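Engineer: My questions will all concern the structure given below.
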Amino acid sequence: GENVEQHPSTLSVQEGDSAVIKCTYSDSASNYFPWYKQELGKGPQLIIDIRSNVGEKKDQRIAVTLNKTAKHFSLHITETQPEDSAVYFCAASRGGSYIPTFGRGTSLIVHP
Amino acid sequence: NAGVTQTPKFQVLKTGQSMTLQCAQDMNHEYMSWYRQDPGMGLRLIHYSVGAGITDQGEVPNGYNVSRSTTEDFPLRLLSAAPSQTSVYFCASGKTGQETQYFGPGTRLLVL
Chain W
1 GENVEQHPST LSVQEGDSAV IKCTYSDSAS NYFPWYKQEL GKGPQLIIDI RSNVGEKKDQ
61 RIAVTLNKTA KHFSLHITET QPEDSAVYFC AASRGGSYIP TFGRGTSLIV HP
Chain D
113 NAGVTQTPKF QVLKTGQSMT LQCAQDMNHE YMSWYRQDPG MGLRLIHYSV GAGITDQGEV
173 PNGYNVSRST TEDFPLRLLS AAPSQTSVYF CASGKTGQET QYFGPGTRLL VL
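In order, the protein sequences belong to chains W and D.
Last residue of the first sequence: 112 (our numbering), numbering continuous.
Last residue of the second sequence: 224 (our numbering), numbering continuous.
Next comes the structure, spelled out in structure tokens:
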């Protein structure tokens, strides 16, 4: 089955800095890579996703990149703000599978 | 739409007791799943369902039972609670053709 590794487990940055979270996956057939944000006391919520036919996708201050050859993908947050503080999960799944495999999560702390 | 709802929000059990965690969604989603979240372990899949009457095991199914008699509801039953089942439980749903998972707010369970 799929195995998703996520690093780092904790990331501490100053407000305004950039943050990068990296994930690797094992199943070369995986073609959908979502990122979820979990705020304290809440369930995870999708913030951005990328498919294997795209190398990069941006949405305002967040971007995801995908390297299919190396089987890794990353989340980039620029100009971080305190409200970006949360746990972020990467995930991977095959087309037609609606049950993704999640990474272990990254706790992002943005210091004002 | 209320989205995905879970009850109760918090529960304390004694070892050996049984209980049912409730999950409901009003989005007419075909897919529903249960995850547990433990520190450093990410989101681990317990059971999932691809439609009413159809369920399957995930990564950590032991000690849990599920059924899906309606599209809307997907209860998770703990047959005989153990301290190792102390965790935060999330229910999620998704629609065929859309890979986004919609998570509920979670149930925090403490087994003494």
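Just so it is clear, CB atoms sit at the ideal spot from N, CA and C, and this is done for glycine as well.
Predicted, not measured: the structure shown is a model, and the values here were computed from it.
DSSP three-state label for W:Asp17, please.
Structural biologist: coil
Engineer: From this set, D:Ser130, D:Phe215, D:Val223 and D:Val178, which residue's C-alpha is nearest D:Ile158's C-alpha?
Structural biologist: D:Val178
Engineer: Interface residues of chain D around W:Pro100 at Cβ under 8 Å?
Structural biologist: Glu211 and Gln213
Engineer: Can you have a look at W:Gln14 and say buried or exposed, based on whether 16 or more other CB atoms are within 10 angstroms of its CB?
Structural biologist: exposed
Engineer: Measure the C-alpha to C-alpha separation of W:Ser26 and W:Gln6 and round it to an integer number of angstroms.
Structural biologist: 12 Å
Engineer: Look up W:Glu2 in the DSSP assignment and say whether it is helix, strand or coil.
Structural biologist: coil
Engineer: Taking only the alpha-carbon atoms, compute the straight-line gap between W:Val54 and D:Gln149 and give it to the nearest angstrom.
Structural biologist: Taking the straight line joining both Cα atoms gives about 30 Å.
Engineer: Can you tell me which residues form a DSSP beta bridge with W:Arg51?
Structural biologist: W:Tyr32
Engineer: When we look at the beta-carbon of D:Val116 and count the other beta-carbons within 10 Å, is it buried (16 or more) or exposed?
Structural biologist: Per the 10 Å Cβ criterion, buried.
Engineer: Can you name the residues of chain W whose CB is closer than 7 Å to the CB of D:Pro217?
Structural biologist: Lys42 and Gly43
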